[in-house]
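Colleague: Protein chains in written order, with our numbering: chain B, 4 to 139; chain H, 201 to 678. I am attaching a structure below and will ask some questions about it afterwards.
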């Protein structure tokens with residue numbers, strides 16, 4: 004399982020899973036975009052490269068997802084897949100993303116922001132697990 | 201999670217006594233029925249967490265529509281000492297100055313019924329809505345700066361507003377504490393092409409008729425003269441700009457005050473102590489985002505006026521009743537322990553409720569108290585209330601902001617379909633046009649608390665007096 008949604012009154016909460024830290028970040032991005040529409044039906048017409056650096060994994064996940072919302076708002080970039088991703092021990096993330104213009108799809112709901120609410124990245128037997136609540 | 205002991209103070213008012221790290225008690229304004237629903241999520245724990253912040257005055261308050269948020273509950277109100285308190289982006293909310301305005305027409309339900317589809321379709325064509333839809337405006341750098349620094353005043357100068365529109369916005373649509381330079385380039389970029397757009401999610405434009413009037417005299421002052429009169433409600437906020445301002449300052453505060461973060465029960469409650477540079481900077485940026493929010497609803501109003509003219513001819517007019525903010529922090533004065541003092545009042549999913557005679561009200565509403573707009577869920581009633589003196593003593597002049605969600609979007613999608621919801625609306629003669637039909641199920645009336653209960657409790661406690669009830673005829677959903 005890449006991710007699952009968890010009941011939350013007003014906002015959307017999800018858990019993302021990955022066998023390593025790179026995968027859990029990548030799956031968190033997919034979980035967030037799938038709130039708006041199925042990422043697997045989105046074409047790969049655009050490529051984006053991003054780089055984020057922070058002081059902790061929590062901050063890094065927060066800023067990574069915020070960066071994706073920024074791209075959605077300013078360039079209408081809707082994610083299809085995370086093609087390449089590298090998360091380092093000193094909390095730097097570089098990623099290559101593929102996706103398309105969001106106006107080519109019928110999307111639902113809205114994501115206003117990523118929150119720190121219940122945010123957690125932890126090691127599990129199978130790898131890593133991240134918990135995120137987004138304000139919708 | 202702790203099971204807090206909730207005491208009944210009197211009908212519709214409950215309290216959790218101060219204990220442990222709490223600086224003040226928690227007060228919940230709800231009927232027993234609503235309280236039982238509030239208890240089902242984490243909102244009470246969030247209100248307790250809020251009560252531990254420094255300099256909080258009197259009590260951490262929960263309005264009748266409270267539900268779980270992040271950090272503080274939605275429907276949460278807290279006032280902080282202006283010298284020894286704090287200011288918190290998470291207690292203000294991500295969608296800064298998400299708010300509502302109501303406009304009246306002279307049209308009646310009978311005159312509009314045959315043209316509802318035409319009108320809703322026209323509005324839908326004229327107002328960009330949904331994810332990824334850009335503004336029709338192309339602002340110069342200088343104009344954009346003015347929008348953020350002066351809000352609706354910019355709209356007035358550029359012929360998007362009348363003098364009366366400006367008077368009839370909370371804060372006159374222009375918070376003087378705004379500082380363009382405190383808004384990050386990223387936030388500015390996110391908002392740049394979104395001014396005059398509705399947005400998505402729970403944002404909407406609703407065409408309504410007056411179903412019932414409870415106080416004829418006050419209703420008339422508000423511009424509501426008869427049953428079946430047509431009015432229009434707009435719900436939108438400060439778009440990506442406001443969201444980014446909140447995120448930016450959460451991070452800046454987290455980085456600047458690591459010692460505070462360590463002690464917090466929830467990181468989303470991060471704050472800047474009043475008097476710090478960061479507190480000033482956030483207030484400047486938040487106010488600029490609030491100005492953007494008012495200006496956004498004003499530009500939408502301008503487009504709506506044009507749309508109405510296209511359908512009903514050039515003589516038709518839309519008059520603003522009032523425009524209220526739901527997510528905001530600002531300085532207001534209250535009597536606390538016998539002394540009038542200034543506080544940083546945070547309203548997160550709550551509406552200001554200034555009663556008759558309040559010095560900040562426009563002349564028109566000096567005798568009645570301010571209009572309060574309580575939107576219901578899609579397809580159900582909305583209410584127009586009036587501010588009261590009692591709210592000043594009880595709730596730092598605040599009341600509910602809407603119905604308040606009951607269940608998650610995930611749960612909503614399991615229980616309702618968009619097609620089913622549209623059919624149900626059609627059965628009730630409500631025409632809906634949505635940027636995306638896929639999201640309609642998530643805003644289905646069944647996922648919200650009953651607005652009738654929320655309005656009733658507000659009226660009974662006396663923190664917002666019921667003036668009239670509005671019913672929808674048509675909806676545009678972002």
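Cβ coordinates follow ideal geometry from the N, Cα and C atoms, glycine included. These numbers come from a predicted model, not from an experiment.
(1) Anything in the segment 296-315 of chain H with a Cβ closer than 8 Å to a Cβ of chain B? List those residues in chain order, please.
(2) Can you tell me which of the three DSSP states residue 83 of chain B falls into?
(3) May I ask which residues mark the beginning and end of the alpha helix (DSSP H) holding residue 50 of chain B?
(4) Bridge partners for residue 267 of chain H per DSSP, in chain order?
(5) Using alpha carbons as the reference points, say which of H:496, H:407 and H:367 lies closest to residue 677 of chain H.
(6) Hey, residue 291 of chain H and residue 272 of chain H are a contact pair by Cβ (cut 8 Å); roughly how many whole angstroms apart?
(7) When you compare the CB positions of residue 282 of chain H and residue 544 of chain H, do they come within less than 9 Å of one another, or not?
(8) Per DSSP, which residues does residue 304 of chain H bridge with? Please list them.
(9) Taking Cβ-Cβ distances shorter than 8 Å, what residues in chain B pair up with residue 151 of chain H?
(10) Given a limit of 7 Å on CB to CB distance, which residues of the segment 27-46 of chain B reach chain H?
(11) How is residue 668 of chain H classed by DSSP in three states: helix, strand or coil?
(12) So, for residue 52 of chain B: in the same chain, excluding its five sequence neighbours on each side, which residues have a beta-carbon less than 6 Å away from its beta-carbon?
(13) Could you spell out where the alpha helix (DSSP H) holding residue 618 of chain H opens and where it closes?
(14) Could you check if residue 468 of chain H belongs to the surroundings of the ligand SAH, using beta carbon to heavy atom distance under 8 Å?
(15) Whole-angstrom Cβ separation of residue 105 of chain B and residue 79 of chain B, contact assumed at under 8 Å?
(16) Check whether chain B comes within 9 Å of residue 248 of chain H, counting only Cβ atoms and requiring the distance to be less than that.
(17) Measure the alpha-carbon distance for residue 593 of chain H versus residue 656 of chain H and round it to whole angstroms.
(18) Check the Cβ of residue 440 of chain H against every Cβ in chain B and list those closer than 7 Å, keeping chain order.
(19) Give me, in chain order, the residues of the same chain whose beta-carbon lies closer than 7 Å to that of residue 608 of chain H; leave out the 5 immediate sequence neighbours on both sides.
(20) Just how far apart, CA to CA, sit residue 595 of chain H and residue 538 of chain H?
(21) Using 10 angstroms around the beta-carbon of residue 393 of chain H, count the other beta-carbons present and answer buried if the total reaches 16, otherwise exposed.
(22) Taking the alpha helix (DSSP H) that residue 349 of chain H belongs to, which residues open and close that run?
(23) Whole angstroms is fine: what's the gap from residue 348 of chain H's alpha carbon to residue 397 of chain H's?
(24) Please report whether the beta-carbon of residue 257 of chain H lies at a distance below 9 Å from any beta-carbon of chain B.
(25) Can you name the residues of chain B whose CB is closer than 7 Å to the CB of residue 639 of chain H?
(26) Return the residue from the list H:651, H:671, H:668 and H:670 that minimises the CA-CA distance to residue 263 of chain H.
(27) Does residue 92 of chain B come out as helix, strand or coil in the three-state DSSP assignment?
(28) Measure the C-alpha to C-alpha separation of residue 278 of chain H and residue 387 of chain H and round it to an integer number of angstroms.
(29) If we count Cβ pairs, one from each stretch, closer than 8 Å, do we get three or more for the segment 329-339 of chain H versus the segment 542-558 of chain H?
(30) Would you identify the three-state DSSP class for residue 444 of chain H, choosing helix, strand or coil?
(31) Name the two residues that bound the continuous beta strand (DSSP E) containing residue 638 of chain H.
(32) Count the CB pairs spanning the segment 101-118 of chain B and the segment 435-449 of chain H that are closer than 8 Å, and state whether there are at least three.
(33) Measuring alpha carbon to alpha carbon, tell me which residue in B:81, B:23, B:69 and B:121 is nearest residue 89 of chain B.
(34) Taking only beta-carbon positions, decide if residue 23 of chain B is within less than 9 Å of chain H.
(35) Using a Cβ cut-off of 7 Å, which residues of the segment 369-396 of chain H contact any Cβ in chain B, in chain order?
(36) Between the alpha carbons of residue 254 of chain H and residue 525 of chain H, how many angstroms are there, rounded?
Modeller: Working from what's here:
(1) Under the 8 Å Cβ criterion, the segment 296-315 of chain H contributes no residue.
(2) Indexing the first chain from 1 puts residue 83 of chain B at position 80. Three-state result, residue 83 of chain B: strand.
(3) Reading the first chain from its first residue, position 47 is the one you call residue 50 of chain B. No alpha helix (DSSP H) holds residue 50 of chain B; the beta strand (DSSP E) holding it covers 49-56.
(4) In the second chain, residue 267 of chain H corresponds to position 67, counting from 1. In the DSSP output, where bridge partners are listed per residue, residue 267 of chain H has H:274.
(5) The count along the second chain starts at 1 and reaches residue 677 of chain H at position 477. It is H:407.
(6) The count along the second chain starts at 1 and reaches residue 291 of chain H at position 91. The count along the second chain starts at 1 and reaches residue 272 of chain H at position 72. Correct: roughly 4 Å between the Cβ atoms.
(7) Counting from one through the second chain, the residue named residue 282 of chain H turns up at place 82. Counting from one through the second chain, the residue named residue 544 of chain H turns up at place 344. In this structure, residue 544 of chain H lies closer than 9 Å to residue 282 of chain H by Cβ.
(8) Position 104 of the second chain, counting from 1, holds the residue named residue 304 of chain H. According to DSSP, residue 304 of chain H bridges with H:431 and H:519.
(9) Because chain H spans 201 through 678 in this model, residue 151 of chain H falls outside it and cannot be assessed.
(10) 39
(11) Translated into the one-based positions of the second chain, residue 668 of chain H becomes position 468. Of the three classes helix, strand and coil, the one that applies to residue 668 of chain H here is strand, per DSSP.
(12) Against the first chain, residue 52 of chain B aligns to sequence position 49. Excluding residues within five positions, the ones whose Cβ falls inside 6 Å are 99.
(13) Here residue 618 of chain H is taken as the residue at index 418 of the second chain, counted from 1. Unbroken alpha helix (DSSP H) run through residue 618 of chain H: 618-627.
(14) Questions concerning the ligand SAH fall outside what the structure shown contains, since it holds no ligand whatsoever.
(15) The residue you call residue 105 of chain B lines up with position 102 of the first chain. The residue you call residue 79 of chain B lines up with position 76 of the first chain. With 8 Å as the limit, residue 105 of chain B and residue 79 of chain B qualify as a contact, their Cβ atoms being about 5 Å apart.
(16) For the purposes of this step, residue 248 of chain H is identified with residue 48 of the second chain, where counting begins at 1. No, its Cβ sits nowhere closer than 9 Å to a Cβ of chain B.
(17) For this step, residue 593 of chain H is matched to residue 393 along the second chain. For this step, residue 656 of chain H is matched to residue 456 along the second chain. So the two alpha carbons sit approximately 19 Å from each other.
(18) Within the second chain, the letter at position 240 stands for residue 440 of chain H. By Cβ distance, chain B contributes 76.
(19) In the second chain, counting from the first residue as 1, residue 608 of chain H sits at position 408. Nothing meets the Cβ criterion.
(20) Locating residue 595 of chain H in the second chain gives position 395, where the first residue counts as 1. Locating residue 538 of chain H in the second chain gives position 338, where the first residue counts as 1. So the alpha carbons of these two residues sit roughly 16 Å apart.
(21) Position 193 of the second chain, counting from 1, holds the residue named residue 393 of chain H. Burial call: buried.
(22) Translated into positions along the second chain, residue 349 of chain H becomes position 149. Residues 341-350.
(23) Within the second chain, the letter at position 148 stands for residue 348 of chain H. Within the second chain, the letter at position 197 stands for residue 397 of chain H. Residue 348 of chain H and residue 397 of chain H have their C-alpha atoms spaced approximately 16 Å apart.
(24) Here the question's residue 257 of chain H lines up with position 57 in the second chain. No, because no Cβ of chain B sits closer than 9 Å to the Cβ of residue 257 of chain H.
(25) Residue mapping note: residue 639 of chain H aligns to position 439 of the second chain, counting from 1. Residues of chain B passing the Cβ test: 111 and 112.
(26) Position 63 of the second chain holds residue 263 of chain H. It is H:651 whose Cα lies nearest to the Cα of residue 263 of chain H.
(27) Position 89 of the first chain, counting from 1, holds the residue named residue 92 of chain B. Residue 92 of chain B: coil per DSSP, three-state reduction.
(28) As a working note, residue 278 of chain H is residue 78 in the second chain. As a working note, residue 387 of chain H is residue 187 in the second chain. Whole-angstrom Cα-Cα distance: 26 Å.
(29) no
(30) As a first step, residue 444 of chain H is located in the second chain; it is residue number 244 there, counting from the start. DSSP places residue 444 of chain H in helix when its eight states are reduced to three.
(31) Here the question's residue 638 of chain H lines up with position 438 in the second chain. Unbroken run through residue 638 of chain H: none, as it is neither H nor E.
(32) Cβ pair count under 8 Å is three or more, so yes.
(33) Taking the first residue of the first chain as position 1, residue 89 of chain B is located at position 86. Among B:81, B:23, B:69 and B:121, the Cα nearest to that of residue 89 of chain B is on B:23.
(34) One-based indexing of the first chain puts residue 23 of chain B at position 20. False, the Cβ-Cβ gap to chain H never drops below 9 Å.
(35) Correct list: 386, 389 and 390.
(36) Within the second chain, numbered from 1, the residue matching residue 254 of chain H stands at position 54. Within the second chain, numbered from 1, the residue matching residue 525 of chain H stands at position 325. Between the alpha carbons of residue 254 of chain H and residue 525 of chain H lies a gap of roughly 25 Å.
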